[in-house]
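Here it is in structure tokens:
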């Protein structure tokens, strides 16, 4: 039966413990702890519950499961109505215990899968009274019987499935117990009544096997032993145990997933397989399985906020044949038998790159494909990791787009579509052509911190013309590179426009005319006063004395060096000093004047 043929309940499994002569097993002498089954460390044949050295026993076994019976007496329950092992429909009754009945008190179960893949089952029972012989059955089922508990009474239909197990434990009162193993046979499963252990009609327990000492071992205590789980001590013959290599017994054939999830124990009234089944301890949950699993995890790095991108996968020897996972997703393939399985990741979605494929076991990995050689009961986890790389754009803004020659200009850049933690650098360059290939001038390489770009250096432009700025983003682990368009930032450098202002300046001279004098002699003094001196009483800006040598007439200054440049009205004040025959004479301040105006 393939893994996929198993119904969910069967994959969960049920273990019922009852007296069945399915596989007869000869066990080694109690106390022969040196004869532990090959591959196991469990002391299943020493007849006690405490481990020795580095071995395991009931006091330290992993995965221990415990079944406890109801208190002995009238409240205890048992199978009634002549119940036999092959009867799936049974009756549970309360009342006194028949004298020949083994009054069970506890049972224990554990299982493990060892390094070579073999699965071992460990079983133990305890009883109230040593009546010498003991005839017990451990029923191991795939499914759980709903409503079958310690307090159940009345009719019960045991939920048995083809392939369920029955371990028989027959102890004659001394020596080693005999262990057997049967399977549940059904017509629907194609089984034959000839395989039934008791030659009854189907369904029945059959396909009986006798297991040798290399497959199973067991013992009943021959001296008082400590009970480390329940506490106290157990007298002689009140404890029995067994260990079985289920893989060696053929329970787990290669490539077939088998799982059992419940167990209970029963006592028979005699060593005969067809004897009545009496006391029982209600089922407990167990986990005995060779079923493996494959888990595929999807890890995404630098995924955009709210990203729902899915990644495609195809499989081989798995169902379904294809599936998809989003970041953080997981696909688990359960209940797999031993075999080779494959998983391959498909084409990367836009913006995503494949980073790695890792498995927690040594598997054959080729690129994005893994071939998994699954051992019985092995669980393999593989993780696909993909990385998203943003494709940002870069926009730039000049501090000015048109300036006069000699001006200084800088650039600013902004990233869009980059991750929030974007790093790297932006390099600013100025060119003299629209293809950004000629006359390159470096304007600085600046850091990008959390997506924010530092401005460029300022550049002085000392010649007229048209210039083209360009910014180039380096990218980083999460972001691709980006370059601004060459013609997106054009700078025009214009000729300088000079300003013009005018200012007059002159070399002033004045003249003085004498008339009406009598052969005047002496001299004439010319004084020039600055604008604002309207009374000619301030500082003289220029003075010159001219002799009167020709009597009446006009006399003039001969200034060639003093320059008047201050705007405003300049004023002359001149005077004749007189002589013996002539009095002095003075011109009024400002009678002679001139004005300098600049526009």
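Residue numbers (mature numbering (1 follows the signal peptide of the UniProt record, and there is no 0)): -35 to -1, 1 to 564.
Even glycine gets a Cβ: it sits at the ideal position worked out from N, Cα and C.
Cutoff 8 Å; reference residue i; Cβ partners in own chain excluding five residues on either side
i, result
"residue 373", "423, 424, 425 and 426"
"residue 64", "Unreliable positioning characterises residue 64 in this predicted model, as indicated by a pLDDT of 48, which lies under 50. The coordinate reading is nonetheless provided below. Hits under 8 Å: none found."
"residue 236", "98, 100, 135 and 137"
"residue 214", "-13, 146, 174, 176, 180 and 181"
"residue 268", "274, 292 and 353"
"residue 387", "355, 357, 380, 413, 415, 416, 441, 443 and 444"
Cutoff 7 Å; reference residue i; Cβ partners in own chain excluding five residues on either side
i, result
"residue 484", "516 and 546"
"residue 412", "390 and 419"
"residue 5", "79, 85 and 208"
For residue i: DSSP bridge partner residues
i, result
"residue 405", "BP columns for residue 405 are empty, so no partner."
"residue 417", "414"
"residue 459", "369"
"residue 194", "DSSP, once it has assigned bridges, lists no residue as partnering residue 194."
"residue 352", "266 and 318"
"residue 447", "438"
"residue 479", "518"
"residue 300", "Residue 300 pairs with nothing; no bridge assigned."
"residue 580", "Past the edges of the chain, shown from -35 to 564, lies residue 580, and the structure says nothing about it."
"residue 330", "335"
"residue 523", "DSSP lists no partner for residue 523."
"residue 307", "281 and 336"
"residue 156", "Answer by DSSP bridge pairing: none, since residue 156 is not bridged."
"residue 288", "278"
"residue 119", "57"
"residue 561", "533"
"residue 99", "136"
"residue 547", "None, per the DSSP bridge assignment."
"residue 346", "260"
"residue 528", "Paired residues: none, contrary to the question."
For residue j and residue i, believed in contact at Cβ under 8 Å, the rounded distance
i, j, result
"residue 565", "residue 40", "Since the displayed the chain opens at -35 and closes at 564, residue 565 lies outside it and no answer follows."
"residue 587", "residue 452", "Since the first residue of the chain shown is -35 and the last is 564, residue 587 is not available in this structure."
"residue 48", "residue 248", "Incorrect: roughly 16 Å between the Cβ atoms, too far for contact."
"residue 487", "residue 542", "5 Å"
"residue 191", "residue 2", "No, residue 191 and residue 2 are not in contact; Cβ-Cβ is about 23 Å, not under 8 Å."
"residue 261", "residue 290", "7 Å"
"residue 384", "residue 459", "Going by Cβ atoms, the distance from residue 384 to residue 459 rounds to 41 Å, so no, they are not a contact pair."
"residue 210", "residue 83", "6 Å"
"residue 494", "residue 536", "5 Å"
"residue 26", "residue 87", "6 Å"
Residues near residue i in its chain [Cβ-Cβ closer than 6 Å; skip 5 each side]
i, result
"residue 349", "263, 310 and 322"
"residue 409", "393, 421 and 422"
"residue 561", "469 and 532"
"residue -12", "Because the pLDDT at residue -12 is just 34, under 50, the model does not fix this residue reliably, and the point stays unresolved."
"residue 281", "307"
"residue 326", "345"
"residue 512", "488"
"residue 283", "298 and 306"
"residue 520", "477, 489 and 511"
Proximity test, residue i beta-carbon vs the ligand SAH heavy atom, cut-off 7 Å
i, result
"residue 498", "Among the components modelled here there is no ligand, and therefore nothing to report on the ligand SAH."
Inset, instruction - Would you check if the segment 247 to 258 and the segment 335 to 353 touch, i.e. whether three or more CB-CB distances between them fall below 8 Å? - result: The segment 335 to 353 is in contact with the segment 247 to 258.
Inset, instruction - Report yes or no: do three or more beta-carbon pairs, one from the segment 261 to 278 and one from the segment 230 to 237, lie closer than 8 Å? - result: No contact exists between the segment 261 to 278 and the segment 230 to 237.
Legend entry - Whole runs of the beta strand (DSSP E) within the segment 14 to 91, excluding any shorter than 3 residues: Within the segment 14 to 91, the beta strand (DSSP E) runs of at least 3 residues that lie entirely inside it are, in chain order, 30 to 33, 42 to 45, 54 to 59 and 69 to 78.
Inset, instruction - Report yes or no: do three or more beta-carbon pairs, one from the segment 84 to 98 and one from the segment 349 to 362, lie closer than 8 Å? - result: Contact fails: fewer than three Cβ-Cβ distances are below 8 Å.
Inset, instruction - Determine, using beta-carbon pairs with one atom in the segment 214 to 222 and one in the segment 109 to 126, whether at least three such pairs fall under 8 Å. - result: The segment 214 to 222, when compared against the segment 109 to 126, does not touch it at the 8 Å Cβ threshold.
Legend entry - Runs of alpha helix (DSSP H) wholly within the segment 158 to 210 (minimum 4 residues, chain order): As far as the segment 158 to 210 is concerned, it has no whole alpha helix (DSSP H) run of at least 4 residues.
Inset, instruction - Report yes or no: do three or more beta-carbon pairs, one from the segment 135 to 151 and one from the segment 159 to 174, lie closer than 8 Å? - result: Counting Cβ pairs under 8 Å, three or more are found: they touch.
Legend entry - Three CB pairs or more closer than 8 Å across the segment 182 to 200 and the segment 7 to 19: The segment 182 to 200, when compared against the segment 7 to 19, does touch it at the 8 Å Cβ threshold.
Legend entry - 4-residue-minimum alpha helix (DSSP H) runs that sit fully inside the segment 220 to 277, ordered along the chain: Runs of the alpha helix (DSSP H) inside the segment 220 to 277: none found.
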